[in-house]
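Visitor:
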Amino acid sequence: MSATVFQNARIVDPARGIDERGSVIVSEGVILAAGAGAHNQGLPENATIVDCQGHAVLPGLVDSRVFIGEPGAEHRETIASASRAAAAGGVTSVIMMPDTTPVIDDVALVEFVKRTAHETAIVNVFPAASVTKGFAGTELSEFGLLHEAGAVMLTEGRSTIANALVMRRALTYARDHDITIAHETQDPNLASSGVMNEGLFASWLGLPGIPREAESIPLTRDLMLAGLTGGRYHAAKISTALSAEAITRAKNAGADVSAGVSINHLTLNENDIGDYRTFFRLSPPLRTEDDRLAMVEALKTGAIDVVVSSHDPQDVDTKRLPFAEAEAGAIGLETLLAAALRLHHNGDLPLMRLVECLSTAPARLFGLPGGSLKSGAPADLVLVDLDAPWIVREAEIRSLSKNTCFEGARMQGRVLQTMVAGRTVYTA
Amino acid sequence: MTNASFPLYPHRHLLGIKGLSPLDIETLLDRADAAVAISRQREKKTAALRGRTHINLFYEASTRTQSSFELAGKRLGADVMNMSVASSSTKKGETLLDTAITLNAMRPDILVIRHAAAGAAALLAQKVSCSVVNAGDGAHEHPTQALLDALTIRRAKGRIGGLTVAICGDVLHSRVARSNIVLLNAMGARVRVVAPSTLLPSGIEQMGVEAFTRMDEGLKGADIVMMLRLQRERMAGSLIPSVREYFRHFGLDSEKLKVAKDDVLVMHPGPMNRGVEIASEIADGPRSLIHEQVEMGVAVRMAVMEALLDPRRNAEGGEA
Chain L
217 MSATVFQNAR IVDPARGIDE RGSVIVSEGV ILAAGAGAHN QGLPENATIV DCQGHAVLPG
277 LVDSRVFIGE PGAEHRETIA SASRAAAAGG VTSVIMMPDT TPVIDDVALV EFVKRTAHET
337 AIVNVFPAAS VTKGFAGTEL SEFGLLHEAG AVMLTEGRST IANALVMRRA LTYARDHDIT
397 IAHETQDPNL ASSGVMNEGL FASWLGLPGI PREAESIPLT RDLMLAGLTG GRYHAAKIST
457 ALSAEAITRA KNAGADVSAG VSINHLTLNE NDIGDYRTFF RLSPPLRTED DRLAMVEALK
517 TGAIDVVVSS HDPQDVDTKR LPFAEAEAGA IGLETLLAAA LRLHHNGDLP LMRLVECLST
577 APARLFGLPG GSLKSGAPAD LVLVDLDAPW IVREAEIRSL SKNTCFEGAR MQGRVLQTMV
637 AGRTVYTA
Chain H
191 MTNASFPLYP HRHLLGIKGL SPLDIETLLD RADAAVAISR QREKKTAALR GRTHINLFYE
251 ASTRTQSSFE LAGKRLGADV MNMSVASSST KKGETLLDTA ITLNAMRPDI LVIRHAAAGA
311 AALLAQKVSC SVVNAGDGAH EHPTQALLDA LTIRRAKGRI GGLTVAICGD VLHSRVARSN
371 IVLLNAMGAR VRVVAPSTLL PSGIEQMGVE AFTRMDEGLK GADIVMMLRL QRERMAGSLI
431 PSVREYFRHF GLDSEKLKVA KDDVLVMHPG PMNRGVEIAS EIADGPRSLI HEQVEMGVAV
491 RMAVMEALLD PRRNAEGGEA
């Protein structure tokens with residue numbers, strides 16, 4: 217494999233706390249050196265030289281919450297199409313949710329995902345497996361065997377485990393196998409038929425609302441159980457200040473917990489629903505501007521550890537419906553980085569912290585390679601023009617599904633090149 | 191009545207009261223006043239919409255609203271078709287859009303839709319090239335009901351501004367309440383809602399109303415009491431404990447009405463649950479405007495359809 221040298225780059229590497237001008241030297245699929253002094257050890261022979269013109273080289277993004285339609289709904293997204301979307305968005309690793317048909321709750325299915333990814337994907341695709349068989353919420357799936365087969369996370373995907381005893385046992389048993397349980401929490405009774413955030417806006421639209429407490433009540437239960445069992449717990453997608461406070465309390469009490477937030481909940485609010493725009497029907501629902509600001513603050517304080525796209529392809533059949541009948545979810549792999557850079561450009565969050573939440577932290581939390589530009593790390597990286605303006609156009613979306621929340625949105629910051637294990641998988 | 195005597199209605203559809211100006215509302219009510227006269231003539235048919243096609247698309251069962259629209263269309267001389275769409279047989283959403291596209295190809299001039307999902311009328315309006323009238327979409331809006339209520343009030347009291355109107359009952363699930371709250375506020379009435387807290391929507395105090403949970407407080411000094419229908423499926427269970435308890439606290443009878451103004455008038459959008467939200471002595475008594483509401487319904491729907499299909503709009507080169 218040939219060597220590449222990225223010269224004249226702004227290198228941002230949260231794993232080492234580096235934000236400096238320098239070079240990144242890639243050879244045989246790994247990073248030889250990255251930083252101001254990288255040239256000191258000499259350049260590999262026949263290296264391709266890339267003049268970055270001061271643009272940023274970041275560790276490739278690690279997106280720990282990606283829904284894909286394969287197997288079962290390949291018309292919405294395949295592993296291959298999702299990987300192309302990821303590459304275009306600067307995402308070099310994804311954790312694929314087990315919400316497929318059938319549910320990924322079995323070793324053979326984990327192997328299917330790994331094999332399909334190996335044969336068709338241009339970025340790293342890591343399977344997650346379900347906590348309970350068939351998402352039924354009762355019997356545990358085979359944590360040990362699934363982990364050995366390559367599942368990097370256990371999660372009930374879009375579902376919430378209602379039974380506290382099942383959650384307790386899952387956390388206890390997962391501890392023995394050193395695997396994280398990632399959980400989206402929404403109390404099904406309290407959320408009831410709700411389709412958007414409860415409040416004045418939902419009342420005017422005549423849509424049933426979901427109170428914030430529907431997320432925080434089962435989350436608080438889970439955090440207590442994480443404390444009780446010592447299991448490793450990740451609150452996969454929180455959306456309220458109440459939840460962030462609960463996470464902070466649990467962390468301070470020494471529980472092994474972490475939290476994620478979707479890019480949508482950091483950049484949008486319920487007003488974006490406007491006149492029943494179903495692409496903005498999400499789970500958890502988009503909440504108020506105050507909640508959005510609370511999520512940004514929670515990233516800053518460290519209550520929240522990772523940012524995810526929560527990429528969730530839906531097609532015309534599931535989205536071109538009256539709001540309450542449409543499925544929740546939006547795609548996001550291609551816009552994750554650009555949307556996140558809004559927080560950098562408007563001064564909400566330092567670039568270093570942003571990259572940490574998008575890459576370094578998820579890689580570390582879920583035990584994945586990547587997330588850093590240290591020498592010896594896999595050469596998963598992205599070259600970004602942090603300032604280039606562009607407009608999201610449906611026609612240019614690579615995902616098979618087009619349900620983006622950012623159609624027509626103005627972005628600042630564009631991926632120029634994405635590299636996975638030293639191989640260029642995307643160039644603008 | 192002639193179009194020339196009224197300002198041009200500036201919208202292509204009637205999807206809700208929200209978005210209408212007080213002038214839009216006044217104009218529709220003035221047109222409706224003229225339509226009342228037509229309905230009271232021996233010869234009730236006009237040629238205003240002759241050659242126009244009006245389709246009723248009702249996904250929810252409705253006797254009075256559908257027949258009111260049908261009669262309105264016929265009195266204006268339009269060709270009226272009622273599409274029978276069984277709400278249970280197919281997945282509603284798919285049917286809605288498929289049906290919209292199919293119907294559009296038949297080149298109707300006006301589509302009247304009722305659907306159980308909030309936003310259904312707006313969704314339909316995006317897909318068709320004719321005018322759309324919302325005849326009720328979930329718990330969102332029912333604009334012609336609010337207009338007919340306003341017309342009834344204006345004719346009975348001579349005005350709307352300055353009146354105190356108490357809307358009582360299941361506000362949470364009521365599209366009638368939402369449309370009325372918007373309209374009455376726009377016309378300068380003081381609006382109250384009276385209901386058990388479990389039947390009030392979140393954020394009600396920011397919706398331009400004063401909220402009460404006791405009838406004796408909410409009806410005090412009211413000029414108009416508007417009762418809402420309590421849906422059968424809400425009558426027992428977690429929202430209210432029982433019909434008996436509901437009627438005791440929120441059912442309108444002459445005792446509860448005593449605290450209102452002496453000349454208070456009572457309204458109900460129908461169909462009524464006698465003995466649940468309203469006592470027969472009130473519904474059939476001298477204070478009741480319930481029959482007037484039904485008559486005004488036809489007039490308001492004539493006014494709306496005539497305003498939407500005002501030929502001056504086409505003359506200006508607008509697209510229907």
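Here the protein sequences come in this chain order: L and H.
So for the first sequence, the working numbering puts the first residue at 217; every next one is plus one.
So for the second sequence, the working numbering puts the first residue at 191; every next one is plus one.
Glycine included, every Cβ here is placed at the ideal spot set by N, Cα and C.
The model shown is predicted, which means the values in this text are computed figures rather than measured ones.
1) Give a yes or no on whether 8 Å exceeds the smallest Cβ distance from residue 416/H to chain L.
2) Using the Cβ count rule (16 or more neighbours within 10 Å means buried), how would you classify residue 292/H?
3) Under DSSP, the beta strand (DSSP E) around residue 275/L begins and ends at which residues?
4) So which residues of chain L does residue 393/H contact, with C-beta pairs closer than 7 Å?
5) What is the C-beta distance between residue 247/L and residue 591/L, in whole angstroms, given that I count them as a contact (C-beta under 8 Å)?
6) Please compile the residues from chain L whose C-beta is within a distance smaller than 7 Å of the C-beta of residue 396/H.
7) Assuming residue 599/L and residue 273/L form a contact by the criterion Cβ under 8 Å, report the distance between their Cβ atoms to the nearest whole angstrom.
8) For residue 208/H, I'd like the list of residues in its chain whose CB is within less than 6 Å of its CB, leaving aside the five on either flank, ordered along the chain.
9) I need the DSSP call for residue 249/H, collapsed to helix, strand or coil.
10) Under 8 Å, Cβ to Cβ, is there at least one residue of chain H near residue 495/L?
11) What first and last residue would you give for the alpha helix (DSSP H) that runs through residue 578/L?
12) Helix, strand or coil for residue 279/H, going by three-state DSSP, please let me know.
13) Which of helix, strand or coil does DSSP assign to residue 377/H?
14) Taking only beta carbons into account, state which residues of the stretch 394-414 of chain L come closer than 7 Å to chain H, listed in chain order.
15) Following the continuous alpha helix (DSSP H) through residue 308/L, name the residue where it begins and the one where it ends.
16) Just the chain H side, please: which residues come within less than 8 Å of residue 491/L by C-beta, in chain order?
17) Sorted by chain position, which residues of the same chain lie with C-beta nearer than 8 Å to residue 482/H's C-beta, five sequence neighbours on each side aside?
18) In chain order, what residues of the same chain have a beta carbon less than 7 Å from the beta carbon of residue 383/L, not counting five sequence neighbours either side?
19) Could you name the residues of the same chain whose beta carbon sits closer than 6 Å to that of residue 391/H, not counting the 5 residues immediately before and after it, in chain order?
20) Which word fits residue 535/L, buried or exposed, when buried means at least 16 other C-beta atoms lie within 10 angstroms of its C-beta?
21) Against residue 329/H, what residues of chain L qualify as contacts under a CB-to-CB distance less than 7 Å, listed in chain order?
22) Does the contact criterion of 3 or more C-beta pairs under 8 Å hold for the stretch 306-324 of chain H versus the stretch 199-215 of chain H?
23) Suppose only complete runs of 4+ residues qualify. What are the alpha helix (DSSP H) ranges in the stretch 464-488 of chain L, listed by chain order?
24) Report the three-state DSSP secondary structure of residue 565/L (helix, strand or coil).
25) Output yes if chain L places a C-beta closer than 8 Å to the C-beta of residue 202/H; else output no.
26) Mind checking if residue 439/H is an interface residue toward chain L, Cβ cutoff 8 Å exclusive?
27) Quick one: Cα of residue 420/H to Cα of residue 435/H, how far?
28) So the candidates are 269/L, 266/L and 225/L; which of them puts its Cα closest to the Cα of residue 251/L?
29) If we require 4 or more residues per run, which alpha helix (DSSP H) segments fall completely within the stretch 390-419 of chain L?
30) Have a look at residue 338/L and residue 511/L and give me their C-alpha separation to the nearest angstrom.
31) Taking the C-alpha atoms as reference points, what is the distance between residue 413/L and residue 360/H?
32) Based on the DSSP output, what are the partners of residue 434/L in its beta bridges?
33) I'd like the ranges of any beta strand (DSSP E) spanning at least 3 consecutive residues and lying wholly in the stretch 236-270 of chain L.
34) By a C-beta neighbour count over all protein chains shown, 10 Å radius and 16 as the cutoff for buried, is residue 402/L buried or exposed?
35) I need the DSSP call for residue 340/L, collapsed to helix, strand or coil.
36) Per DSSP, residue 425/L forms a beta bridge with which residues?
Guide: By the coordinates alone:
1) No - not a single Cβ of chain L is within 8 Å of the one on residue 416/H.
2) Burial call: exposed.
3) Note, residue 275/L: beta strand (DSSP E), 272-275.
4) Taking the beta carbon of residue 393/H as reference, the chain L residues within 7 Å of it are 415, 416 and 419, listed in sequence order.
5) Between residue 591/L and residue 247/L the Cβ distance is about 6 Å, and since that is below 8 Å, they are a contact.
6) Residues of chain L passing the Cβ test: 416.
7) Residue 599/L to residue 273/L, Cβ: 5 Å. Contact.
8) If the five residues before and after residue 208/H are omitted, its C-beta is found closer than 6 Å to the C-beta atoms of 372, all from its own chain and listed in chain order.
9) Residue 249/H: coil per DSSP, three-state reduction.
10) Nearest CB-CB separation between residue 495/L and chain H: not below the 8 Å threshold.
11) Per DSSP, the unbroken alpha helix (DSSP H) holding residue 578/L starts and ends at 577-581.
12) Only weak support is given to the placement of residue 279/H: the predicted model assigns it a pLDDT of 47, under 50, and the question is left unresolved by the model.
13) Reduced to three states, the DSSP call for residue 377/H is coil.
14) Those would be 414, in chain order.
15) For residue 308/L, no alpha helix (DSSP H) segment is defined; the enclosing uninterrupted segment is the beta strand (DSSP E) at 307-312.
16) In chain order: 309 and 312.
17) Taking residue 482/H as the centre and dropping the five residues before and after it, the same chain places the C-beta of 342, 345 and 346 closer than 8 Å to its C-beta, in chain order.
18) In chain order, 377, 438 and 441 place their CB closer than 7 Å to the CB of residue 383/L, counting only its own chain and leaving out the 5 sequence neighbours on each side.
19) Correct list, in chain order: 362.
20) Classification for residue 535/L: buried.
21) The answer, in chain order, is 422.
22) As far as the Cβ criterion goes, the stretch 306-324 of chain H touches the stretch 199-215 of chain H, which means the pair count is three or higher.
23) Qualifying alpha helix (DSSP H) stretches, in chain order: 479-483.
24) Looking at residue 565/L - three-state DSSP - the assignment turns out to be coil, as it is neither helix nor strand.
25) So no, residue 202/H is outside the interface.
26) Residue contact check for residue 439/H against chain L: no CB pair falls below 8 Å.
27) Distance from the CA of residue 420/H to the CA of residue 435/H, rounded to the nearest whole angstrom, comes to 13 Å.
28) Residue 225/L is the option with its Cα nearest to residue 251/L.
29) 404-407, all fully within the stretch 390-419 of chain L.
30) Distance from the CA atom of residue 338/L to the CA atom of residue 511/L, rounded to whole angstroms, is 32 Å.
31) Roughly 21 Å between the two C-alpha positions.
32) In the DSSP assignment, residue 434/L is bridged to no other residue.
33) At a cut-off of 3 residues, the continuous stretches assigned as beta strand (DSSP E) that sit fully inside the stretch 236-270 of chain L are 246-251 and 264-267.
34) Classified as buried, residue 402/L has 16 or more neighbouring CB atoms from the shown chains inside 10 Å of its CB.
35) Under the three-state reduction of DSSP output, residue 340/L falls in the strand class.
36) Residue pairing by DSSP places residue 425/L opposite 412/L in a beta bridge.
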